[in-house]
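See below for the structure under consideration.
2 protein chains.
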Amino acid sequence: MSPSPVPETSSRGYIIPIGGAEDKVQGKEILSRFWSLAGGKKSQIAIIPTASRLEDTGERYKTIFESMGGKGMVLSIRDRSDAEKEEYNSILEEATGIFMTGGNQLRLSTILGGTRIATQIRRKNANGIPVAGTSAGAAFISEHMIAFGQEGSTPIAGKVTLAPGLGLSNRVIVDQHFRQRDRLGRLMTALAYNPFVQGIGLDEDTAAFINHQNEIEVVGEGALTIVDVADLEYSSMASAREGDTVELIGVKLHVISHGARYNLVTRKAIPGGKR
Amino acid sequence: MSPSPVPETSSRGYIIPIGGAEDKVQGKEILSRFWSLAGGKKSQIAIIPTASRLEDTGERYKTIFESMGGKGMVLSIRDRSDAEKEEYNSILEEATGIFMTGGNQLRLSTILGGTRIATQIRRKNANGIPVAGTSAGAAFISEHMIAFGQEGSTPIAGKVTLAPGLGLSNRVIVDQHFRQRDRLGRLMTALAYNPFVQGIGLDEDTAAFINHQNEIEVVGEGALTIVDVADLEYSSMASAREGDTVELIGVKLHVISHGARYNLVTRKAIPGGKR
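Listed below in structure tokens is the structure:
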């Protein structure tokens, strides 16, 4: 089955990294917003629980989405051979939204990387289907993914490991559980390797809804921290030894919250104001 | 005893906030640099252990400074009446350097604030005498002091409490144990109240040597994080409710390390490069 041609009229679907621990009980603001973009009561949401080792992770999201209306379909992909199964490819073909759960992002990249499933997710998103990921699922969304790294607020050489991700966007590197796990340092370290990319640090229960024009809208309870290194005056990354502080002069930070917007092209932020 | 007139030729002594946990055993780089500025083998260093509730804090520093040469003098000021004692004022009068230990900065402000000792420290510094403080002692140095606050990397309204400090500088707010205790959020919150001031976040075993021209030189093992909010485009501080994320657009960050310089007037940084 070759990828269907992309109609010229279609635009990329939303890309929705979520910082983990999103509300699943009360207003479910982030999940219901995604569900709505996926077609609401007519949605057919493919759930990919591959990052997780827990048996019920996929089913839990299926229950949540089906309680809103529409259909949830769990793709229980546990190894690379699962990711080539016709059955899962057919389910994904029908999906109007794709959701990747949390767990370990290296499970996503090692199991899905280079498979039919990964190709299909990319193609579906290019054709307008929204793709969301929470925690590990959020990290995996971008071209360059933080595999793991040491926590703390200042950048330390050698303390973050990047790996290729799913590649839905090459404009951002995502870090999640941002405030809760104190990850500014590792995000800055990741950006210091090559400042072409922008950093988005997502607090828990906070999502970046990125539209096809690369505008982010912040949804949720926490903050989105944008780290913009476009105007970096100096970085010691090339000469720093492992364990050294990476000196960075001229990092720009924006901390924005629910309702705020950030344009990844113009690099301008518009505050959300309080709810 | 009225303050002696400040000679027109004199310039302010160094102000040296230290991020806490400075090396006291090996190279003692920060302490020996301060000792040297205080006169080296001819130094007479007044040690103020008021922040600490431990009995031996002052004596410990006395031993360190005297092992380098010169004289250490502990001012055991435990309450406000101690701070008016002629004996301590005379010792301070002779001092060629003043060192404030760690502990609780609210002990420093509540016990020394408005006393002869506080006035004398300010006058001595104006006359060229270096004043160093570590941890709580560092926080106390500036006009606006972080009394306490919640940790975490994003700014949260109502989660930091400012108090008047000693007032040797009104250009900076100092936060200490910066990386170790994840304090970027509370420092940004403090700055958001009034962006005229710059934030300096000091990692442990790291000091900012601030000369009379308001140039900082970084000394030590960790990083100095400069938070410059001069170009802040937006702050939600005025309307944020307690517990809300404070939205801040346009924060500038510099992370610099040993040997680096930062000019508090021009707001320009020069990297230190690796040792």
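Protein sequence lines, in the order shown, are assigned to chains A and B. Counting in the working numbering, the first sequence runs from 99 upward without gaps. Counting in the working numbering, the second sequence runs from 99 upward without gaps. Note that beta-carbon positions come from the ideal geometry of N, C-alpha and C, so glycine has one too. All values reported here derive from a predicted model rather than from experimental measurement.
Close Cβ partners of residue i (< 6 Å) along its chain, the five nearest in sequence each way excluded
i	result
residue 194 (chain B)	136, 137, 141 and 142
residue 321 (chain A)	301, 353 and 355
residue 186 (chain A)	173
residue 297 (chain B)	271, 285, 289 and 325
residue 100 (chain B)	Only weak support is given to the placement of residue 100 (chain B): the predicted model assigns it a pLDDT of 38, under 50, and the question is left unresolved by the model.
residue 89 (chain A)	What the structure shows of chain A is the stretch from 99 to 373, and residue 89 (chain A) is not part of that stretch, so it cannot be assessed.
Proximal residues to residue i (C-beta, below 7 Å), its chain only, five neighbours per side dropped
i	result
residue 82 (chain B)	Outside the modelled stretch of chain B, which goes from 99 to 373, sits residue 82 (chain B), for which no answer is possible.
residue 151 (chain A)	201
residue 368 (chain A)	358 and 359
residue 182 (chain B)	213 and 214
residue 124 (chain A)	none
residue 205 (chain A)	148 and 149
residue 160 (chain A)	145, 170 and 172
Cutoff 9 Å: residue i Cβ touching any chain C Cβ
i	result
residue 350 (chain A)	No chain C is part of this structure, whose protein chains are labelled A and B.
Listed by chain order, chain B residues near residue i by CB distance under 9 Å
i	result
residue 109 (chain A)	Simply none; closest approach about 27 Å.
residue 253 (chain A)	321 and 353
Within chain A, the residues that residue i reaches when beta carbons sit closer than 8 Å
i	result
residue 283 (chain B)	277
Closer than 7 Å at the beta carbon, the chain B residues around residue i
i	result
residue 358 (chain A)	345
residue 118 (chain A)	Correct list: empty, because the minimum Cβ distance to chain B is about 15 Å.
residue 301 (chain A)	252
residue 273 (chain A)	Those within 7 Å of residue 273 (chain A) in chain B number zero; the least Cβ separation is about 11 Å.
residue 180 (chain A)	What residue 180 (chain A) touches in chain B: nothing, since even the nearest Cβ is about 37 Å away.
residue 154 (chain A)	Those do not exist, as residue 154 (chain A) stays about 31 Å from chain B at its closest Cβ, beyond 7 Å.
Beta-carbon neighbours of residue i, restricted to chain B and to distances below 8 Å
i	result
residue 369 (chain A)	332, 334, 345 and 347
residue 177 (chain A)	Per Cβ cutoff of 8 Å: no residues; residue 177 (chain A) is ~36 Å from chain B at best.
Per-residue DSSP class, three states only, for residue i
i	result
residue 129 (chain B)	helix
residue 305 (chain B)	strand
residue 299 (chain B)	strand
residue 112 (chain B)	coil
residue 238 (chain B)	helix
residue 249 (chain A)	coil
residue 189 (chain A)	helix
residue 231 (chain B)	strand
residue 180 (chain B)	helix
residue 318 (chain B)	strand
Contact set between residue i and chain A, taken where Cβ atoms lie within less than 7 Å
i	result
residue 121 (chain B)	In chain order: nothing, as chain A lies at least about 16 Å away.
Residues near residue i in its chain [Cβ-Cβ closer than 8 Å; skip 5 each side]
i	result
residue 176 (chain A)	148 and 209
residue 332 (chain B)	345, 346, 347 and 348
residue 283 (chain B)	248, 249, 250, 251, 252, 253, 254 and 257
residue 268 (chain A)	240, 241, 242 and 295
Subject >> Length-filtered (3 minimum) beta strand (DSSP E) runs lying within the stretch 144-172 of chain B >> reply: Fully enclosed beta strand (DSSP E) runs of 3 or longer: 169-172.
Subject >> Inter-stretch contact (C-beta, 8 Å, three-pair minimum) for the stretch 336-350 of chain A and the stretch 299-318 of chain A >> reply: In short, these stretches do not touch, since the Cβ pair count stays below three.
**OP:** Specify whether the stretch 216-225 of chain A and the stretch 254-261 of chain A touch according to this definition: at least 3 beta carbon pairs, one from each stretch, less than 8 Å apart.
**Re:** no
Subject >> Unbroken stretches of the beta strand (DSSP E), 3 residues or longer, contained in the stretch 252-284 of chain B >> reply: 258-262 and 270-273
Original post:
Which full runs of the beta strand (DSSP E) of 3+ residues lie inside the stretch 329-371 of chain B, going along the chain?
Top reply: 346-355, 359-361 and 366-368
Subject >> Whole beta strand (DSSP E) elements within the stretch 195-222 of chain B, 3-residue minimum >> reply: 195-198
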